[in-house]
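Residues in the sequence shown are numbered consecutively from 66, following our numbering.
Below is one structure; the comments refer to it alone.
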Amino acid sequence: MKIQRAYTIVTAPGRNFVTLKIVTDEGIYGIGDATLNGREQAVVAYLEEHVIPALIGRDPQRIEDIWHYLYRGAYWRRGPVTMSAIAAVDMALWDIKGKVAGMPLYQLLGGKSRERVMVYGHATGKDIEACLDEVARHVEEGYRAVRVQAGVPGIASIYGVAKKPGERYEPADAELPAEHVWNTAKYLNYAPKLFAAVRERFGDDLHVLHDVHHRLTPIEAARLGKEVEPYHLFWLEDCVPAENQESFRLIRQHTTTPLAVGEVFNSLYDAKALIENQWIDYIRATLTHAGGITHMRRLADLAGLYHVRTGFHGPTDLSPACLGAAIHFDTWVPNFGIQEYMPHEAVTDEVFPHDYRFEDGHFLVGETPGHGVDIDEAAAAKYPYRRASLPVNRLEDGTLWHW
């Protein structure tokens, strides 16, 4: 068996997605997600100009060899564009291998470690009461875990909070990066009130999560983690930018609130010190942005040695191909923690038919050979790409704030 051709499909059914399709000379094909929100066309160019020409004629069943060939052969290693491209190839090759074997992906990885995969949903609101109403809706839909994000008085627009009640939150909300105004003091004084209100209304059994979106310094994050300890969060996510992994040492010294990070990570090396020093409790990297299934297996295995669990990023700016592969991975991986779930729009599911299903706060994996997600190319052609960018933050004095 040889790879006969490979090509990218760019479509925007609700939002932009980049899909790589690899076809063998026996007619068997696999698809992989290459979406990098806000930088989609950069990955397309990398795939079409550099990766696809190097794939033609290769044996698609040599997944390990091809992964290292693409990773080491470029010389310029890692980075979101490179690793998203490699991930798309890897995901498509595992899809092909599953179809050749007649097995679903989780069986190829080693079989089930669990019968179902717990997910968390997103509840947002312009204020605490509106957020509580959204939490209630999620609980009624069967969720056992909910991420809560509320607007803060005095801050007009906050990344992570939908603009209207019941509306889907869309991070890439403008053609060019929008500029939001941020005030750390107002957020730190208000956030603990949100968790107190959630516990008062919903009790102690609901798993409650919160995303800081990298907007604090280490000592500010330590303060927040300590102040929310009475509300026993499932995790506090992305407290600080993680380029300096040792920042988490200070946070860990001051709080027992579980810490999660990693949705912007591209490789094991981004998390190595965090894991080995047990400064975090959950690793959030994604299959699409961190080198695919082959590399994420190594990251998860390293994490398992140090009591760190998986908590994969799962926003709607990753396609159902990534989510489907992640559910198979979650079903297999021994040190699973939780899976993020933002439901895709109906039009997205039309373009990407799949066999995974949501039930009672969990995902149930499908039995279709491969990862169980396909792409309807005729439907995809109806939705052309449109440029969209993620916002940036400025402090009230105009300083551009890192996150």
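We treat Cβ as the ideally placed atom computed from N, Cα and C, and that holds for glycine.
query	result
Distance, V293 Cα to A195 Cα	20 Å
Beta-carbon separation (whole angstroms), Y345 vs A325, contact threshold 8 Å	The amino acid at residue 345 is misidentified as Tyr; the sequence shows Ile. With 8 Å as the limit, I345 and A325 qualify as a contact, their Cβ atoms being about 7 Å apart.
Status (buried if at least 16 other CB within 10 Å, exposed otherwise) for I68	buried
Where T147 falls: helix, strand or coil (DSSP)	helix
The beta strand (DSSP E) enclosing W247, as first and last residue numbers	E244 to W247
Length of the line joining the Cα atoms of R363 and P236	30 Å
Proximal residues to L174 (C-beta, below 6 Å), its chain only, five neighbours per side dropped	W397
6 Å CB neighbourhood of A307 in its chain, flanking five on each side removed	V326
Residue burial classification, A110 (beta-carbon count within 10 angstroms, cutoff 16)	exposed
Cα-Cα separation between R212 and D90, rounded to whole angstroms	45 Å
Beta-carbon proximity of A262 to L367, cut-off 8 Å	no
Inter-residue Cα distance where the pair is F299 and G290	12 Å
Helix, strand or coil at R362 [DSSP, three-state]	helix
Residues near V83 by beta carbon distance below 7 Å, same chain, minus five either side	T73, V75, A99, T100, E105, V108 and V109
V116 (DSSP reduced to helix, strand or coil)	helix
Coil, strand or helix - L455 by DSSP	coil
Proximity below 8 Å, CB of F377 to CB of R349	yes
Close beta carbons around V226, own chain, < 8 Å, minus the five adjacent residues each side	T189, G190, K191, Q214, A215, G216 and Y234
Cβ neighbour criterion (16 or more within 10 Å) applied to P380	buried
Residue of L158, E113 and L112 minimising C-alpha distance to I131	L158
Selection from N81, G219 and R70 that minimises the alpha carbon distance to V416	N81
Which residues DSSP lists as bridging M183, in chain order	H427
Assigned secondary structure, I543 (DSSP; H/G/I helix, E/B strand, else coil)	The requested residue 543 is not part of the displayed model; the chain covers only 66 to 468.
Boundaries (first-last residue) of the beta strand (DSSP E) holding F394	That residue, F394, is in no beta strand (DSSP E); its alpha helix (DSSP H) goes P385 to W397.
Distance, G437 Cα to G431 Cα	7 Å
Start-to-end residues for the beta strand (DSSP E) that takes in Q69	I68 to T76
CB contact flag (T375, F401, <8 Å)	yes
Pair within 8 Å by beta-carbon distance, W247 and R280	yes
Contact under 8 Å by Cβ, R459 with E244	yes
Through-space distance from Y421 to K177, alpha-carbon basis	15 Å
Rounded Cβ spacing between V182 and H427 (contact assumed at less than 8 Å)	6 Å
Per DSSP, cross-strand counterpart(s) of A17	The question about residue 17 has no answer, for the chain in this structure spans 66 to 468.
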